[in-house]
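Numbering-wise (the numbering used here), the sequence shown opens with residue 20 and increments by one. Even for Gly, the Cβ is constructed at its ideal location relative to N, Cα and C.
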Amino acid sequence: MRSRILAAAGLAGVALAAAACGSSPAGTAGSPSTSAAAPPSAATGAGGATVKTATVSGATVLTNATGFTLYSFAPDAPAKSNCNGTCAHYWPPVPGPVTAAAGVTGRLGTIKRSDGSAQATYNGHPLYTYIGDTSPGQAKGNGLNLSGGVWHEVTASGAAAPAGSGSPRSSPGSGYGY
Numbered sequence: 020m021r022s023r024i025l026a027a028a029g030l031a032g033v034a035l036a037a038a039a040c041g042s043s044p045a046g047t048a049g050s051p052s053t054s055a056a057a058p059p060s061a062a063t064g065a066g067g068a069t070v071k072t073a074t075v076s077g078a079t080v081l082t083n084a085t086g087f088t089l090y091s092f093a094p095d096a097p098a099k100s101n102c103n104g105t106c107a108h109y110w111p112p113v114p115g116p117v118t119a120a121a122g123v124t125g126r127l128g129t130i131k132r133s134d135g136s137a138q139a140t141y142n143g144h145p146l147y148t149y150i151g152d153t154s155p156g157q158a159k160g161n162g163l164n165l166s167g168g169v170w171h172e173v174t175a176s177g178a179a180a181p182a183g184s185g186s187p188r189s190s191p192g193s194g195y196g197y
């Protein structure tokens, strides 16, 4: 019973995310949030976490220590995250620094976010988890066009994984891409 209530609450949170972000213009920046309320961000823990690899939907992708898929945001620059405010609530930045587990061959690093916190990077791309991934091994955020750009799960090679449908997806009915 409790798991059904938690699952319903998680789905309600994702629905609220789509509604809240759809009502504000893309690119609106607020204070970055690194809230640990969502399962993915709680799983990353404080700096010093480990980045691993796992096979998700047939692709070898990066995950945090507990198996949550890591994502990159197309509008980000190598030294700057463009996901702040509400965006960072739904796409929690991975706190840095992180260490590499076996199979992680790319370059790990950190950037300084606008709030002064450190965010982990892989081959220069800032890393995030997705609040819609409610358990390890999911990649519900791959290929979504939200918060002003497309999100990709990060493959072990560092390349963006293709979206399951072959094209970027938007949340249903959002109209603004988030």
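- What are the boundary residues of the alpha helix (DSSP H) that T72 is part of? Numbered from 1 along the sequence shown, position 53 holds the residue referred to as residue 72. For T72, there is no enclosing alpha helix (DSSP H); the residue is part of the beta strand (DSSP E) that begins and ends at A68 to V75.
- Determine the DSSP secondary structure at A119, reduced to helix, strand or coil. Sequence index remark: in the sequence shown, residue 119 carries index 100 (1-based). Strand at A119.
- Query: Got a sec: is the Cβ-Cβ distance from A121 to anything in chain D below 9 Å?
  - Reply: In the structure shown, chain D does not exist; there is a single protein chain.
- Query: Hey, F92 and Q157: beta-carbon distance below 9 Å or not?
  - Reply: Numbered from its first residue, the sequence shown carries residue 92 at position 73. Numbered from its first residue, the sequence shown carries residue 157 at position 138. Not closer than 9 Å, so no.
- Item | Pairwise C-alpha distance: W170 and L163 | The residue labelled residue 163 in the question sits at position 144 within the sequence shown. The residue labelled residue 170 in the question sits at position 151 within the sequence shown. Near 5 Å, if we compare the C-alpha coordinates of W170 and L163.
- Own chain partners of T129 with C-beta closer than 7 Å, once the 5 adjacent residues on each side are dropped: Position 110 of the sequence shown, counted from the first residue, corresponds to residue 129. Taken in chain order, the residues that qualify are G115, P116, A137, Q138, A139 and T140.
- Task: Helix, strand or coil for T148, going by three-state DSSP, please let me know.
- Result: One-based indexing of the sequence shown puts residue 148 at position 129. Under the three-state reduction of DSSP, T148 is assigned to coil, being neither helix nor strand.
- From I150, T72 and L146, pick the residue whose C-alpha is nearest to that of K99; which is it? As a first step, residue 99 must be located in the sequence shown, where it is residue number 80. Checked all of I150, T72 and L146; the closest Cα to K99 is L146.
- Message: Please tell me whether L127 and A119 are closer than 9 Å, where the distance is taken between their beta carbons.
- Response: On the sequence shown, residue 127 is found 108 positions in, with the first residue counted as 1. On the sequence shown, residue 119 is found 100 positions in, with the first residue counted as 1. Yes, the pair counts as a contact, with Cβ atoms nearer than the cut-off.
- Message: Relative to the C-alpha of G151, which candidate in V123, A96, P111 and R132 has its C-alpha closest?
- Response: On the sequence shown, residue 151 is found 132 positions in, with the first residue counted as 1. Looking at the Cα atoms, P111 is the closest of the given residues.
- Query: Which one or two residues does DSSP pair with F92 in a beta bridge?
  - Reply: Your numbering for residue 92 matches position 73 in the sequence shown. Residue pairing by DSSP places F92 opposite W170 in a beta bridge.
- Item | Limits of the alpha helix (DSSP H) - the one that A107 falls within | Taking the first residue of the sequence shown as 1, we reach residue 107 at position 88. A107 -> alpha helix (DSSP H) spans T105 to Y109.
- Below 8 Å on the Cβ atoms is my guess for T148 versus N101; work out the distance and round it to an integer in Å. Numbered from 1 along the sequence shown, position 129 holds the residue referred to as residue 148. Numbered from 1 along the sequence shown, position 82 holds the residue referred to as residue 101. Contact flag wrong, Cβ pair sits at about 17 Å.
- Message: Give me, in chain order, the residues of the same chain whose beta-carbon lies closer than 6 Å to that of K159; leave out the 5 immediate sequence neighbours on both sides.
- Response: Sequence index remark: in the sequence shown, residue 159 carries index 140 (1-based). So the list reads G151 and D152, once near-sequence residues are dropped.
- Message: Please tell me whether S166 and Y109 are closer than 9 Å, where the distance is taken between their beta carbons.
- Response: The residue labelled residue 166 in the question sits at position 147 within the sequence shown. The residue labelled residue 109 in the question sits at position 90 within the sequence shown. Closer than 9 Å, so yes.
- Task: Verify whether the separation of the beta carbon atoms of T94 and G143 is less than 9 Å.
- Result: Your numbering for residue 94 matches position 75 in the sequence shown. Your numbering for residue 143 matches position 124 in the sequence shown. According to the sequence displayed, residue 94 carries Pro and not Thr. Not in contact: P94 and G143 (Cβ atoms no closer than 9 Å).
- Query: What is the DSSP secondary structure of T129, counted as helix, strand or coil?
  - Reply: Start at 1 with the first residue of the sequence shown, and residue 129 comes out as number 110. It is a strand residue.
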